[in-house]
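For the record, in the sequence shown the residue sitting at position 171 is 174 according to the numbering used here, with numbers rising by one throughout. This report concerns only the one structure given below.
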Amino acid sequence: MYSRTVRVLRVLFRLEGWRAQGTPAPAPAVYVVHHQNMAGPIRAVAHLPVEGHIWALAPFCDAKACFAQYYGYTFTKRFGMPGPLAFVCAKFVSGAVSGIVRGCGAIPVHRGSRNIVETMRLSQQALERGENIILCPDVDYASSAAEIGAVYEGFLHLEKTYHRATGGHLAFVPVGLHAPTKRVRMGEAIRFDDGVPFARQKAQVALRLRQAITELCTQPEFPQQSRESSCI
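Laid out in structure tokens, this is it:
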């Protein structure tokens, strides 16, 4: 799934001493990662022992749109760069970033748009092929705090379409970075239960994922876990 460039970058990142910890779930699974101002998705792609289609904001999947995002917002409004410097930096970065993102098998995310239906459709197709998804649901993606805050819960609707298509339940695997030990920790998979309406479980699954991710990021010792956990 990953391009040759991304696989080379994975090798280079591993020279820093970071390692994965925990057991991946059988594919297909959804790896739910704490964003932490880009540290989460970068470390997940670099160090998880599985490959997965990463959810990426749509502008980062196309060079022209990526340039517009970096020049129109990231470098100018967020970092406060003067226009000419922001232009040069955006030109330099946008081509490389969009190429790497596509090399991760990225699925474009169209937040606040009807095109989010396309995000879900492409994700469902990948899951039915037995391929993994990697996503970061943080509302405040710029926060570097170890504790994860509020999350968007829309990604959990992947469970509904997957269950409808296959009769099975998706494994949602919490992933957190433990900086003191340089570990990318995978927690136990959390699944929806049979016989309980999706709407009754959705908020509870989101809460359990948040709690598990925070624990993985903050606990000195890697939590002793069983392979999987249901939400009820």
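Glycine included, each C-beta is placed from N, C-alpha and C at the ideal position. Every value quoted in this text rests on a predicted model; they were computed, and no experiment measured them.
In whole angstroms, what is the alpha-carbon distance linking residue i and residue j?
{"i": "P62", "j": "S97", "result": "10 angstroms"}
{"i": "C220", "j": "I45", "result": "15 angstroms"}
{"i": "H38", "j": "A66", "result": "22 angstroms"}
{"i": "L180", "j": "E224", "result": "13 angstroms"}
{"i": "I137", "j": "E218", "result": "19 angstroms"}
{"i": "S147", "j": "N40", "result": "6 angstroms"}
{"i": "G152", "j": "I216", "result": "10 angstroms"}
{"i": "Q214", "j": "G170", "result": "27 angstroms"}
{"i": "G20", "j": "V48", "result": "15 angstroms"}
{"i": "S229", "j": "Y73", "result": "Unreliable placement is indicated for S229, whose pLDDT of 43 sits below 50; the coordinate value is still reported in the next sentence. Between S229 and Y73, the C-alpha separation is close to 43 angstroms."}
{"i": "K94", "j": "G75", "result": "12 angstroms"}
{"i": "A28", "j": "A174", "result": "7 angstroms"}
Let me know the secondary structure DSSP gives residue i once reduced to three states.
{"i": "H181", "result": "strand"}
{"i": "F95", "result": "helix"}
{"i": "I136", "result": "strand"}
{"i": "I103", "result": "helix"}
{"i": "L173", "result": "coil"}
{"i": "A59", "result": "strand"}
{"i": "R7", "result": "helix"}
{"i": "M123", "result": "helix"}
{"i": "Q39", "result": "coil"}
{"i": "I193", "result": "strand"}
{"i": "I45", "result": "helix"}
{"i": "Y155", "result": "coil"}
Less than 8 angstroms between the CB atoms is what I'm expecting for residue i and residue j, so what's the real figure, rounded?
{"i": "V33", "j": "V176", "result": "7 angstroms"}
{"i": "Y165", "j": "L130", "result": "5 angstroms"}
{"i": "L18", "j": "V187", "result": "About 15 angstroms; that fails the 8 angstroms criterion."}
Let me know if residue i comes out buried or exposed under the rule of 16 or more other beta-carbons within 10 Å of its beta-carbon.
{"i": "F78", "result": "buried"}
{"i": "D141", "result": "buried"}
{"i": "A168", "result": "exposed"}
{"i": "G55", "result": "buried"}
{"i": "V1", "result": "Absent from the model: residue 1. The displayed extent of the chain is 4 to 235, so no value can be given."}
{"i": "R117", "result": "exposed"}
{"i": "F195", "result": "buried"}
{"i": "E162", "result": "buried"}
*asked:* Below 8 angstroms, how does it come out for the stretch 57-76 and the stretch 100-110: are there three or more Cβ pairs, yes or no?
replied: yes
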